[in-house]
Amino acid sequence: MISVVILTYNEEINLEDCLATVCWSDDIIVFDSYSTDKTADIAQKKGVRLVQRQFDNYASQRNAALNEVKFKYDWVLMLDADERVPKLLHEEMKIELNNLKKDITLYRMRRMDFLNDKWLRRSSGYPTWFGRLIKVGYVTVKREINEEYHTTGKIGFLKEHLLHYPFNKGLEHWFEKHNKYSSMEAITLNAREYINFSSLFSSDPIERRRVLKQIFYHLPCRPILVFLYLYLFRFGFLDGYPGLIYCQLRAIYESMIKLKIKELKV
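Residues in the sequence shown are numbered consecutively from 9, following this note's numbering.
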């Protein structure tokens, strides 16, 4: 009933665990960016399809996976290798698709982010919604970083969560990845995206979050404000030491974006 596509690049640490949580599907595709580790070997060993494409940006990679792969089913669950699909989410997806309203073509869900096996319930800014369960042919992914899923049909919302382990590959990898992310964000923000203030009152939580983020990036002392917002206003301190670490990392990431925007303007 559901095909699964997993985007990968050097994910030998994560891939097997991710695959284990979607073994209920008989149509799994590892969409790989020419990994140099054992990712491709693991995919072949597990008997799933391996498709490789040179990475250019995240939106293009996801669109290529949706448009160039021949799926067995009409619905695709799109995952990153550091995400896991718990049983309750799988059951909810089956129920929803068995009782599907014809006009729904995209389902959004939330993620639970973990650090040192601790759910960062408060410090991560939870909840945020992500498009993940997609009807083939009806969804386009936009924005090169922090992608947005757009559909020609209607959107449904799932109650259960994806589990997300962004620190499985260690802090060094986190910094390497966010060094690239911050460069992409700086280029996007430096282009001065149009801010539609009326979207602050939208019924769509993703649209409201997008506009708030655009406004927030124009505020002074943004890294400090991010830390204070997540750690104090959102009660991130209740997440203990992992919460403190995460809030510090988010502030560092905002500093990287801010510095790179200044560099682009020189």
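All residues carry an ideal CB built from backbone N, CA and C; glycine is no exception.
{"Asked": "Whose C-beta lies closer than 6 angstroms to the C-beta of Ala51 among residues of the same chain, with five residues either side of it excluded?", "Found": "Val38, Leu58"}
{"Asked": "For Asp82, which option in Leu74, Asp88, Ala89 has the closest C-alpha, if you only look at C-alpha atoms?", "Found": "Leu74"}
{"Asked": "Does the pairing of the segment 148-159 with the segment 91-106 give three or more beta-carbon distances under 8 angstroms?", "Found": "no"}
{"Asked": "Looking only at its own chain, which residues have a Cβ that is under 6 angstroms from the Cβ of Gly164, when we skip the five neighbours before and after it?", "Found": "Ile112, Tyr115"}
{"Asked": "Three-state secondary structure (DSSP) at Met9?", "Found": "coil"}
{"Asked": "Would you mind working out which of Tyr17, Gly248, Ala194 sits nearest Asp125, comparing C-alpha positions?", "Found": "Gly248"}
{"Asked": "Looking at the strands, I want to know which residues DSSP matches up with Met117.", "Found": "Phe138"}
{"Asked": "Using a Cβ-Cβ cut-off of 6 angstroms (strictly less than) and excluding sequence neighbours within five positions of Leu27, which residues of its own chain qualify?", "Found": "Lys54"}
{"Asked": "For Arg281, does the three-state DSSP call read helix, strand or coil?", "Found": "A query on residue 281 cannot be resolved here, the shown segment of the chain reaching from 9 to 274 and no further."}
{"Asked": "Taking Cβ positions, are Asp35 and Ser68 nearer each other than 8 angstroms?", "Found": "no"}
{"Asked": "Can you give me the C-alpha to C-alpha distance between Ser131 and Asn18, rounded to a whole angstrom?", "Found": "28 angstroms"}
{"Asked": "Taking the CB atoms as reference points, tell me whether Asn176 and Asp88 lie closer together than 8 angstroms.", "Found": "no"}
{"Asked": "Assuming Tyr239 and Phe245 are in contact, meaning their beta carbons sit under 8 angstroms apart, how far apart are those beta carbons, in whole angstroms?", "Found": "6 angstroms"}
{"Asked": "State the beta-bridge partners of Gly164 as determined by DSSP.", "Found": "Tyr115"}
{"Asked": "So is Ser206 buried or exposed if we call it buried at 16+ other beta carbons inside 10 Å?", "Found": "exposed"}
{"Asked": "Can you confirm whether the segment 187-196 touches the segment 129-149 when touching is taken to mean that 3 or more C-beta pairs between the two stretches lie within less than 8 angstroms?", "Found": "no"}
{"Asked": "Beta carbon of Val149, beta carbon of Asn65: below 8 angstroms?", "Found": "no"}
{"Asked": "In angstroms with no decimal places, state the Cα-to-Cα distance between Ile253 and Glu193.", "Found": "22 angstroms"}
{"Asked": "At which residue ranges does the segment 39-64 contain complete beta strand (DSSP E) runs of 3 or more residues, listed in the order of the chain?", "Found": "57-60"}
{"Asked": "Is it true that the CB of Val93 sits closer than 8 angstroms to the CB of Leu170?", "Found": "yes"}
{"Asked": "Under the rule that 16 or more other beta-carbon atoms within 10 Å means buried, what is Tyr42, buried or exposed?", "Found": "exposed"}
{"Asked": "If you reduce the DSSP assignment to three classes, tell me which class Leu171 lands in.", "Found": "strand"}
{"Asked": "Measuring CA to CA, which of Cys229, Thr16, Asp45, His181 is closest to Gln62?", "Found": "Thr16"}
{"Asked": "Suppose you measure from the CA of Trp127 to the CA of Tyr173; what does that come to, to the nearest Å?", "Found": "10 angstroms"}
{"Asked": "Mind checking Asp212: buried by the 16 CB within 10 Å criterion, or exposed?", "Found": "exposed"}
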